[in-house]
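**Q** Provided herewith is a single structure, encoded as structure tokens, for subsequent inquiry.
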Amino acid sequence: MKKIVLLIVILFSTVSYSQELRKPSEGKALVYFTRVSSVGFLINFKYFDNDKYLGKFNHGKYLAYECEPGKHLFWSKSENVDFLEAELEAGKVYIIDSEPQMGAIKAGVKLVAFDNNQDNYKNIKKFERKKADILDAIVKAKEFKISDEDLAEAESDQESLVKRSIEKYEKRKAKGDAYPTLTADNNYISNTVEIK
């Protein structure tokens, strides 16, 4: 009986999300950056795709970033800098959660790709809870959008930060440091939900 009730709840809760997630344009990939945790909710995290500034936002917002498929280096800046390497496929949707971390002065950030493989969780409940939290961070939040004018101004302000951060990444990579990777297999897939 509990399994039937859980299945009904899952079906109804996931169907409501299907109308909120969108597909990328033809030949593009779509990456959602979310903030599930409200820890450090006032702290803005800055988001980048390699040397391209995407914007900054705090808890209660998300960023839907449409981009070319292929290799990307996503990173975020708060008290620290965190990197996530990605290999994206056209027509796929990916979700990256920005997890706040304890910092000395303000919250740090850790980028975590949503793992849609329920076999990688301790049990189905943990998987469904994580999935629901991630989707809530999209459907119940406000989409962050930056104007072209604000983006151009911010990009020039971020030039030094971008240069230092990319150099840091390249030095660590040359030393053999490994970074989390978002692969094409990590795309958001649901057998019960059709993304519109």
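Residue numbers (the working numbering): -15 to 180.
Cβ coordinates follow ideal geometry from the N, Cα and C atoms, glycine included.
Does the separation of the CB atoms of Glu83 and Lys76 fall below 8 Å?
**A** no
**Q** Determine which residues share a DSSP beta bridge with Ile80 and list them.
**A** Phe17, Ala97
**Q** Would you kindly work out how many angstroms separate the C-alpha atoms of Ser21 and Gly44, rounded to a whole number?
**A** Cα atoms of Ser21 and Gly44: separation of roughly 9 Å, rounded to the nearest angstrom.
**Q** Mind checking Leu26: buried by the 16 CB within 10 Å criterion, or exposed?
**A** exposed
**Q** Work out the CA separation of Lys124 and Lys109 for me, nearest whole Å.
**A** 21 Å
**Q** Could you work out which residue in Gly87, Tyr78, Asp120 is closest to Asn100 when comparing CA atoms only?
**A** Tyr78
**Q** Please confirm whether Phe182 and Leu72 have their CB atoms less than 8 Å apart.
**A** Here the chain covers residues -15 to 180 and nothing more, so residue 182 does not appear.
**Q** Any idea what DSSP makes of Ala162, helix, strand or coil?
**A** coil
**Q** Within a Cβ cutoff of 6 Å, which residues of the same chain sit near Thr165, ignoring the five residues on either side of it in sequence?
**A** Glu69
**Q** Where do the ends of the beta strand (DSSP E) carrying Lys40 lie?
**A** 36 to 41
**Q** Return the CA-CA distance between Tyr105 and Tyr172, expressed in angstroms with no decimal places.
**A** 16 Å
**Q** Secondary structure at Ser149, three-state DSSP: helix, strand or coil?
**A** helix
**Q** What separation, rounded to the nearest whole angstrom, lies between the Cα atoms of Phe58 and Phe32?
**A** 6 Å
**Q** For Lys126, which residues of its own chain have a beta-carbon under 7 Å away from its beta-carbon, when the five flanking residues on both sides are left out?
**A** Gly44, Lys45
**Q** For Asp81, which option in Ala138, Lys152, Ala116 has the closest C-alpha, if you only look at C-alpha atoms?
**A** Ala116
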